[in-house]
Amino acid sequence: PYPLYAAARQGHLAIVRLLLDRGADPAPGDGRNALRTALCRACFHGAGDVAQLLLDRGGGARLATGAVHCPLFSAVEGGHRHILQLLLARGVDVEYEGADKRTAIVAAAELGRTHLISMLVAAGADVNNDSWSCLTLAVINGHLDTVEFLLQHGFDIDGQT
1 PYPLYAAARQ GHLAIVRLLL DRGADPAPGD GRNALRTALC RACFHGAGDV AQLLLDRGGG
61 ARLATGAVHC PLFSAVEGGH RHILQLLLAR GVDVEYEGAD KRTAIVAAAE LGRTHLISML
121 VAAGADVNND SWSCLTLAVI NGHLDTVEFL LQHGFDIDGQ T
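Mapping the sequence shown onto the UniProt record's numbering, position 37 (from 1) lands on 37, and the numbers just tick up by one.
Encoded structure:
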């Protein structure tokens with residue numbers, strides 16, 4: 001499914017639509033392509049119209065792939081509020097753990113994506129993940145705004161990683 005992946009990555013909506021119309025699989029199975037879904041690339045690069053189309057055509061059948069880079073993590077890593085909002089509206093599991101046992105809120109804290117943390121908290125994300133400390137990761141990476149937000153929203157100040 002590399003042509004679909006490439007078109008989604010570049011945000012080429014018309015090409016994505018054409019490839020889907022011609023039978024491209026928006027949700028490849030297991031194997032090396034499962035980690036590189038078109039939806040993940042659209043989410044990472046902020047191509048909201050492409051992500052919407054892929055979700056409408058079944059590309060979100062598995063919003064979590066069993067790996068670190070599911071669409072949710074891609075949206076967080078890309079820092080795209082509109083993509084996260086789209087995924088939340090589609091019922092993405094905000095408590096999904098990647099292969100490294102981290103959740104999206106942990107990834108957002110590590111990257112200093114305070115605007116996304118607030119959305120994840122509002123969607124019910126656990127503010128004190130047992131295996132990773134959002135606060136510690138925000139501190140290590142020097143994200144002052146994120147640290148302030150986490151403290152204001154009940155994150156465990158004495159949490160350990």
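Ideal Cβ positions, reconstructed from N, Cα and C, are used throughout, including at glycine.
Compare the C-alpha of residue i against each of the options and name the closest.
| i | options | result |
| --- | --- | --- |
| V139 | V94, R113, L72, H80 | R113 |
| Y96 | G78, Y5, S74 | S74 |
| L88 | M119, L54, H45 | M119 |
| L55 | H45, G79, I83, G78 | I83 |
By Cβ distance, which residues of its chain are closer than 7 Å to residue i, with the 5 residues on each side in sequence left out?
| i | result |
| --- | --- |
| F155 | V127, N128, C134, L135 |
| H115 | R81 |
| I15 | A7 |
| H143 | G112 |
Consult DSSP for residue i and reduce its assignment to one of helix, strand or coil.
| i | result |
| --- | --- |
| C70 | coil |
| E110 | helix |
| G48 | helix |
| F155 | coil |
| H82 | helix |
| L35 | Bear in mind that a pLDDT of 49 at L35, under 50, signals an unreliable position, so the model cannot answer this. |
Tell me whether the beta-carbon of residue i lies closer than 9 Å to the beta-carbon of residue j.
| i | j | result |
| --- | --- | --- |
| R9 | A42 | yes |
| V94 | P71 | no |
| V76 | A107 | yes |
| G59 | A27 | yes |
| A47 | Y5 | no |
Beta-carbon within less than 8 Å of residue i's beta-carbon, same chain only, minus the 5 sequence neighbours each way: which residues are those?
| i | result |
| --- | --- |
| R22 | none |
| D49 | G11, L13 |
Leaving out five residues before and five after residue i in sequence, what residues of the same chain have Cβ atoms less than 6 Å from its Cβ?
| i | result |
| --- | --- |
| A125 | V94, I105 |
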